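First up is the structure itself, then whatever we jot down about it.
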Amino acid sequence: MQQIINFVLRYKNFLLYVFLMLVSIGFTIQSHSYHQSSFFNSASWFTGNIYKTSHNLSSYFNLEKENKKLVKENTRLRSLLFNKKNTRIVELDTSQLSYTITSAEVIKNSFAHPRNYITINKGKKDSVLSDMGVITSEGILGIIENVSNHNATVQSILNEKSNINAKLKNTNHFGSLVWNTENFYTVQLVDIPRLVPLVVGDTIVTGGMSSIFPENIPIGTISKFDLDNSKSFWRIDIALFNDMTNIKNVYIINNLNRKEVLELQQKTDFK
Numbered sequence: 008m009q010q011i012i013n014f015v016l017r018y019k020n021f022l023l024y025v026f027l028m029l030v031s032i033g034f035t036i037q038s039h040s041y042h043q044s045s046f047f048n049s050a051s052w053f054t055g056n057i058y059k060t061s062h063n064l065s066s067y068f069n070l071e072k073e074n075k076k077l078v079k080e081n082t083r084l085r086s087l088l089f090n091k092k093n094t095r096i097v098e099l100d101t102s103q104l105s106y107t108i109t110s111a112e113v114i115k116n117s118f119a120h121p122r123n124y125i126t127i128n129k130g131k132k133d134s135v136l137s138d139m140g141v142i143t144s145e146g147i148l149g150i151i152e153n154v155s156n157h158n159a160t161v162q163s164i165l166n167e168k169s170n171i172n173a174k175l176k177n178t179n180h181f182g183s184l185v186w187n188t189e190n191f192y193t194v195q196l197v198d199i200p201r202l203v204p205l206v207v208g209d210t211i212v213t214g215g216m217s218s219i220f221p222e223n224i225p226i227g228t229i230s231k232f233d234l235d236n237s238k239s240f241w242r243i244d245i246a247l248f249n250d251m252t253n254i255k256n257v258y259i260i261n262n263l264n265r266k267e268v269l270e271l272q273q274k275t276d277f278k
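Take any residue in the sequence shown, count from 1 to its spot, add 7: that is its number in my numbering.
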């Protein structure tokens, strides 16, 4: 207590000056509308920035939670989209589904090798099996090759072994999607006859002849085309919608009718 008294006595002139200055500022603000307006505007700006900063910090720390909510909602919406012929608009009747969708995250991604693979954080315990399709919100990604209890590897479309049914969206002409290993932003569409009209910028999507992917999943757009050595088919470069160097959230597609289709095709092939 004595120290406080000594402090006040030592700096009494300065403290008196500060007190009188605050009193004068208060009288000025109250007596002049301009100063009053300026003061409250400044106070509003200051508190507004504090609230804004607080909101931004709160939003940042909630990003992961919000992201998971969005992924869950996207999974539901994609299920509706892929099963739109067999479902009502609001609720999914799982007994009538043709496809189920499971969300996952990429934990390892390669894109600079001739045979690239992606590792995801879902496996057998999540009902994930080999030969299921994998996509992102932008488009096709690859096909699951190997599965463990908690993880799976995906054969990327950036793999020289990859061969996926694809078509021209505008004309429905089918071909095979392959990769020549030269550029991880571009894949190739082959087996399109030369009589088919092509335009740079045309969209390429998955075809209806696959037992893995639903029809019309986006792949990319035509960036360049010319004739192959036989001059009978187009050799088409496809600029991918996916940035294959930056993949995080993915969706695993399970065709519930795939086994039945394959068994039927096998019986037909042996006849």
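From the three backbone atoms N, C-alpha and C, an ideal C-beta is built for every residue, glycine too. If you're wondering where the values come from, they're calculated on a predicted model, not measured in any experiment.
Taking S117 as reference, the option from L184, S134, N170, T188 with the minimal CA-CA separation is T188.
For D244, the enclosing beta strand (DSSP E) starts and ends at 240 to 247.
Residue nearest to P204 within the set R122, G130, Y258, I229 is I229 (criterion: CA-CA distance). Around the Cβ of V212, a 10 Å sphere holds 16 or more other Cβ atoms; the residue is buried. With contact defined as three or more Cβ pairs closer than 8 Å, the segment 150 to 170 and the segment 106 to 121 are in contact. Short of 8 Å from the beta carbon of N153, and not among the five residues preceding or following it, lie these beta carbons of its own chain, in chain order: S137, A159, T160. Per DSSP, the beta bridge partners of R122 are N166. Counting C-beta pairs with one atom in each stretch, the segment 213 to 224 and the segment 243 to 255 have fewer than three that are closer than 8 Å, which means they do not touch. Judged by DSSP secondary structure, Y192 falls outside any beta strand (DSSP E); it is assigned neither H nor E. Contact between V194 and I245 holds, with the beta-carbon distance rounding to 5 Å and staying under 8 Å. For N128, the closest C-alpha among the options G146, E145, F21, T109 is that of T109.
At a Cβ-Cβ threshold of 9 Å, G182 and I243 count as neighbours. Straight across, the Cα-Cα distance linking D133 with W241 is about 41 Å.
The three-state secondary structure of D198, taken from DSSP, is strand.
Judged by their CB atoms, P221 and Y106 are nearer to each other than the 9 Å cut-off.
Looking at N223, G208, V185, N190, the one whose alpha-carbon comes closest to that of L196 is V185. DSSP lists N256 as the bridge partner or partners of E112. Looking at F21, L23, G140, I254, the one whose alpha-carbon comes closest to that of I114 is I254. The beta carbon of D235 sits closer than 6 Å to those of R242, all from its chain and outside the five residues before and after it, given in chain order.
For I151, the enclosing beta strand (DSSP E) covers residues 147 to 154. Contact between H157 and G130 holds, since their C-beta atoms are separated by about 5 Å, short of 8 Å.
Scanning V207, A173, T143 for the CA closest to the CA of N256 turns up T143.
In the structure shown, the three-state DSSP call for T160 is strand. A distance below 6 Å between beta-carbons, with the five flanking residues on each side excluded, links G146 to the following residues of its chain, in chain order: P225, I226, F248, N249.
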